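In this note's numbering, the protein residues as written are 8 to 438.
Glycine included, C-beta positions come from ideal geometry on N, C-alpha and C.
Small disclaimer: the values here were computed from a predicted structure and weren't measured.
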């Protein structure tokens, strides 16, 4: 019997466990280690932060569904991974041995790298459901006492879509509250241009997003390095192409939500051969660690180099569909290893993204996510808002049902010509 352990039960880890359970026979064991029992649909957090969603509408308790799927669950969380010994020390001091491990922890949020940054200091966040609920309380205070707002993403961030989403969602919520005229908004981002997204743009995201900013009277600063936050002020250096400071900005605010840089979680950070200096997991084309061959990784925790050089550090996002392609490849590769074969499945890293603006939005498809691409498309319209709501309901249903990929999802992807895996050549024996 093989024992496969999944570290993390977020967007990638939960689906990873479902796919492994489907792919491996009943004689093999699948376990999930997570901090707490609840799955939270992180893409809904911008809606939570303005009161458009409640916590119980975007969370699922995984205890029963894992039990139904015969997946062992360890909600005490992981303290430290010992890959050379093939075991995980849990937070209660017990050890969980494994034959194969999938790291799907997501990131640690590096608020401490900038003075005054984060929900424990002067700014808000939508990276976690608890942060989003705190941001909702701050939003209520903003509506009662309007003033300047800063939205964006700091240097080293690798998740830009939610920053744009929240800027436009906040604009809509403030218009609905009839106080938008008293709230000057500034979008501050490390990106070299609006719509870069850590991907050097997708289709005409530059033109689309700049246009949306201007229509909504949102001022923007790019190539921005945030130096510090103080009570009611952000100090930002706008960096020129040669690395010098083009302009120093002192921006007042009564409300700020900026996305942080990410790093690996403490349970895996600093393990030689496993992680890069930021604590992200090193992986080959099969999502397999080059040093510890029984360790795989998926999602935001995977080390991916940036797309080209920029004046301010800009990371690469790992979108939901890109993560699902990692999940499917990893499942097939672990199943091959369990059966005594070598891994062959390679994820496409195709990106499909719906960025909601409250009353519209922008969608893009990048195949693959990293340029050059076979497909490089973006579009905007009210349909994106409806599509994002539909995706939220669909994904939460999938989590509650314990289903990795229903037939209608496979059919839709086939119709759109979007693949999770690259074509895999087979040897003469068909294996």
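Check whether residue i and residue j have beta carbons under 8 Å apart
{"i": "residue 367", "j": "residue 389", "result": "yes"}
{"i": "residue 168", "j": "residue 16", "result": "no"}
{"i": "residue 82", "j": "residue 43", "result": "yes"}
{"i": "residue 157", "j": "residue 274", "result": "no"}
{"i": "residue 178", "j": "residue 225", "result": "yes"}
{"i": "residue 86", "j": "residue 96", "result": "yes"}
{"i": "residue 37", "j": "residue 72", "result": "no"}
{"i": "residue 259", "j": "residue 375", "result": "no"}
{"i": "residue 54", "j": "residue 176", "result": "yes"}
{"i": "residue 56", "j": "residue 143", "result": "yes"}
{"i": "residue 342", "j": "residue 31", "result": "yes"}
{"i": "residue 75", "j": "residue 409", "result": "yes"}
{"i": "residue 35", "j": "residue 345", "result": "yes"}
{"i": "residue 291", "j": "residue 284", "result": "no"}
{"i": "residue 195", "j": "residue 250", "result": "no"}
{"i": "residue 165", "j": "residue 324", "result": "yes"}
{"i": "residue 358", "j": "residue 370", "result": "no"}
{"i": "residue 304", "j": "residue 78", "result": "no"}
{"i": "residue 269", "j": "residue 88", "result": "no"}
{"i": "residue 318", "j": "residue 332", "result": "no"}
{"i": "residue 173", "j": "residue 267", "result": "no"}
{"i": "residue 264", "j": "residue 112", "result": "no"}
{"i": "residue 197", "j": "residue 222", "result": "no"}
{"i": "residue 47", "j": "residue 66", "result": "yes"}
{"i": "residue 302", "j": "residue 281", "result": "yes"}
Neighbour flag for residue i against chain D, beta carbons, 8 Å
{"i": "residue 406", "result": "Given the protein chain composition of this structure (a single chain), no chain D is represented."}
CA-to-CA distance, residue j to residue i, given in whole angstroms
{"i": "residue 356", "j": "residue 152", "result": "44 Å"}
{"i": "residue 27", "j": "residue 141", "result": "36 Å"}
{"i": "residue 415", "j": "residue 186", "result": "Note on residue 415: pLDDT 39, under 50, position unreliable in the model; the coordinate value appears next. About 43 Å."}
{"i": "residue 150", "j": "residue 137", "result": "20 Å"}
{"i": "residue 385", "j": "residue 213", "result": "10 Å"}
{"i": "residue 100", "j": "residue 14", "result": "16 Å"}
{"i": "residue 255", "j": "residue 334", "result": "43 Å"}
{"i": "residue 208", "j": "residue 33", "result": "45 Å"}
{"i": "residue 106", "j": "residue 126", "result": "39 Å"}
{"i": "residue 239", "j": "residue 128", "result": "11 Å"}
{"i": "residue 22", "j": "residue 204", "result": "25 Å"}
{"i": "residue 399", "j": "residue 191", "result": "31 Å"}
{"i": "residue 41", "j": "residue 94", "result": "15 Å"}
{"i": "residue 24", "j": "residue 68", "result": "15 Å"}
{"i": "residue 49", "j": "residue 403", "result": "11 Å"}
{"i": "residue 294", "j": "residue 120", "result": "29 Å"}
{"i": "residue 379", "j": "residue 210", "result": "12 Å"}
{"i": "residue 235", "j": "residue 58", "result": "29 Å"}
Residue i (DSSP reduced to helix, strand or coil)
{"i": "residue 299", "result": "coil"}
{"i": "residue 23", "result": "helix"}
{"i": "residue 220", "result": "helix"}
{"i": "residue 107", "result": "strand"}
{"i": "residue 366", "result": "coil"}
{"i": "residue 371", "result": "strand"}
{"i": "residue 121", "result": "coil"}
{"i": "residue 35", "result": "coil"}
{"i": "residue 96", "result": "strand"}
{"i": "residue 225", "result": "strand"}
{"i": "residue 76", "result": "coil"}
{"i": "residue 289", "result": "coil"}
{"i": "residue 391", "result": "helix"}
{"i": "residue 67", "result": "strand"}
{"i": "residue 61", "result": "coil"}
{"i": "residue 231", "result": "strand"}
Beta-ladder partner(s) of residue i, from DSSP
{"i": "residue 240", "result": "237, 259"}
{"i": "residue 383", "result": "373"}
{"i": "residue 42", "result": "83"}
{"i": "residue 246", "result": "252"}
{"i": "residue 14", "result": "40, 110"}
{"i": "residue 89", "result": "94"}
{"i": "residue 270", "result": "115"}
{"i": "residue 361", "result": "370"}
{"i": "residue 102", "result": "96"}
{"i": "residue 8", "result": "Paired residue(s): none; residue 8 is not in a bridge."}
{"i": "residue 47", "result": "66"}
{"i": "residue 282", "result": "288"}
Runs of beta strand (DSSP E) lying entirely within the region 124-209, each at least 3 residues, in chain order: 156-160, 192-196
4-residue-minimum alpha helix (DSSP H) runs that sit fully inside the region 307-356, ordered along the chain: 327-345
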